[in-house]
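Participant: Quick one: structure below, then a few questions.
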Amino acid sequence: MTTSFRLATEQDAPELQILSHAAYEPIRQLGIHFTAATADLETVKTNIRNNACYVMEEDGKIIATVSVRMPWGLQPGPAGVPHIWWFAVDPILGKKEWVQPY
Numbered sequence: 000m001t002t003s004f005r006l007a008t009e010q011d012a013p014e015l016q017i018l019s020h021a022a023y024e025p026i027r028q029l030g031i032h033f034t035a036a037t038a039d040l041e042t043v044k045t046n047i048r049n050n051a052c053y054v055m056e057e058d059g060k061i062i063a064t065v066s067v068r069m070p071w072g073l074q075p076g077p078a079g080v081p082h083i084w085w086f087a088v089d090p091i092l093g094k095k096e097w098v099q100p101y
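Residues in the sequence shown are numbered consecutively from 0, following numbering that gives the first Met the number 0.
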């Protein structure tokens, strides 16, 4: 199993949209409005372009993402410091049985 981290590209947008929608399904069911939970493809691409959007891949499949908004970027945060904007993890990961390596 190979795990890697990298900046997202616009080509990742469809996979990131699917991941975000799956991760935020419980929020949508509760009626809580959060952009990542309902983002269309263009909104995901805008996030990738305007923020530091990282992905975690396992064997070439994106399993997690985090976006950091920078105060000097196109979408600065409210406090003037870098902060986490979107964060999503494949919900299937929570259902795996984790074995300690020792």
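Glycine residues also receive a C-beta, built at the ideal position from the N, C-alpha and C atoms.
Values in this document were obtained by computation on a predicted structure and should not be read as measured data.
Inspect the beta-carbon positions of Ile47 and Ala12 and report whether they are closer than 8 Å.
Facilitator: Cβ atoms of Ile47 and Ala12: closer than 8 Å.
Participant: Taking Leu18 and Asp89 to be in contact with their CB atoms under 8 Å, please state how far apart those CB atoms are, rounded to whole angstroms.
Facilitator: 6 Å
Participant: Alpha carbon to alpha carbon, how far is Ile31 from Pro75?
Facilitator: Spanning the two alpha carbons is a distance of roughly 23 Å.
Participant: Would you mind giving the Cβ-Cβ distance between Gln16 and Val54, rounded to the nearest angstrom? I have them listed as a contact below 8 Å.
Facilitator: The pair is not a contact, with the Cβ atoms about 13 Å apart (cut-off 8 Å).
Participant: Tell me the DSSP secondary structure of Thr1 in three-state form.
Facilitator: coil
Participant: Determine the direct distance from the alpha carbon of Ser3 to that of Gly72, and round the result to whole angstroms.
Facilitator: 25 Å
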